[in-house]
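Asks:
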Amino acid sequence: MVADRDIALNLRAGKERIASCGCGGLKVTLRGEPADVYVCSCQDCQRRSGGAFTYAAIFPEPNVTVTGEYRSWRRNGEAGRWIENSFCPDCGVAVFFHSEAMPGLIGIPVGCLSESEFPRPARHYWSSRKHHWLELPADILLIDTQ
Ligand SMILES: [Zn+2]
Ligand SMILES: [Zn+2]
Numbered sequence: 004m005v006a007d008r009d010i011a012l013n014l015r016a017g018k019e020r021i022a023s024c025g026c027g028g029l030k031v032t033l034r035g036e037p038a039d040v041y042v043c044s045c046q047d048c049q050r051r052s053g054g055a056f057t058y059a060a061i062f063p064e065p066n067v068t069v070t071g072e073y074r075s076w077r078r079n080g081e082a083g084r085w086i087e088n089s090f091c092p093d094c095g096v097a098v099f100f101h102s103e104a105m106p107g108l109i110g111i112p113v114g115c116l117s118e119s120e121f122p123r124p125a126r127h128y129w130s131s132r133k134h135h136w137l138e139l140p141a142d143i144l145l146i147d148t149q
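Numbering (the numbering used here), first residue to last: 4 to 149.
Here it is as structure tokens:
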């Protein structure tokens, strides 16, 4: 049964997006616009993504629906608080994460959305760890740590 409250949230939130793992078994439906968008060059983000930084969007938990099986693992971030990544048990792609630093919110790796027009990041965390060749647009705020 869909509660009236959920319908009201959907209507107010407007746009819907779906983040997906590699095999399609795990999907996350996102309603409305992200509360925050950032990139992060901390060592954990580099290791987790296999790239020079992660590009993430933050949504309020009530605007998010997870469909499919997933497993989660929790690690301590460089700022000393836990971050929990949830991934598809079949293909291993992480599709969402939670963080001790952001209660009530859920993070989505933007690459899981296949949407090249997605809003740009506002901040670059751990810019002190960025690879030497990486230059981001000047209006993205650089933050040395977190
Ligand atoms: Zn998968
Ligand atoms: Zn990071």
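Backbone N, C-alpha and C define an ideal beta-carbon position, used for all residues, glycine too.
Bear in mind the structure is a predicted one, so any value in this text is a computation, not a measurement.
Taking its Cβ as the centre, do 16 or more other Cβ atoms sit within 10 Å of Ala97, making it buried, or is it exposed?
Replies: Buried, by the Cβ-count rule.
Asks: Would you identify the three-state DSSP class for Leu33, choosing helix, strand or coil?
Replies: If DSSP states are grouped into helix, strand and coil, Leu33 belongs with the strands.
Asks: How far does the alpha helix (DSSP H) with Arg51 in it extend, from its first residue to its last?
Replies: It spans 46–52 - the alpha helix (DSSP H) in which Arg51 sits, taken as one unbroken run.
Asks: Quick one: Cα of Glu72 to Cα of His127, how far?
Replies: Their Cα atoms are separated by approximately 31 angstroms.
Asks: What's the call for Pro106, buried or exposed, on a 16-neighbour Cβ count within 10 Å?
Replies: By the neighbour-count rule (16 or more Cβ atoms within 10 Å), Pro106 is not buried but exposed.
Asks: Determine whether the beta carbon atoms of Phe62 and Pro92 lie at a separation below 8 angstroms.
Replies: Not closer than 8 angstroms, so no.
Asks: In the DSSP output, which residue or residues are listed as bridge partners for Trp76?
Replies: Paired residue(s): Asn88.
Asks: Return yes when the Cβ of Phe90 is within less than 8 angstroms of the Cβ of Arg74, no when it is not.
Replies: Cβ atoms of Arg74 and Phe90: closer than 8 angstroms.
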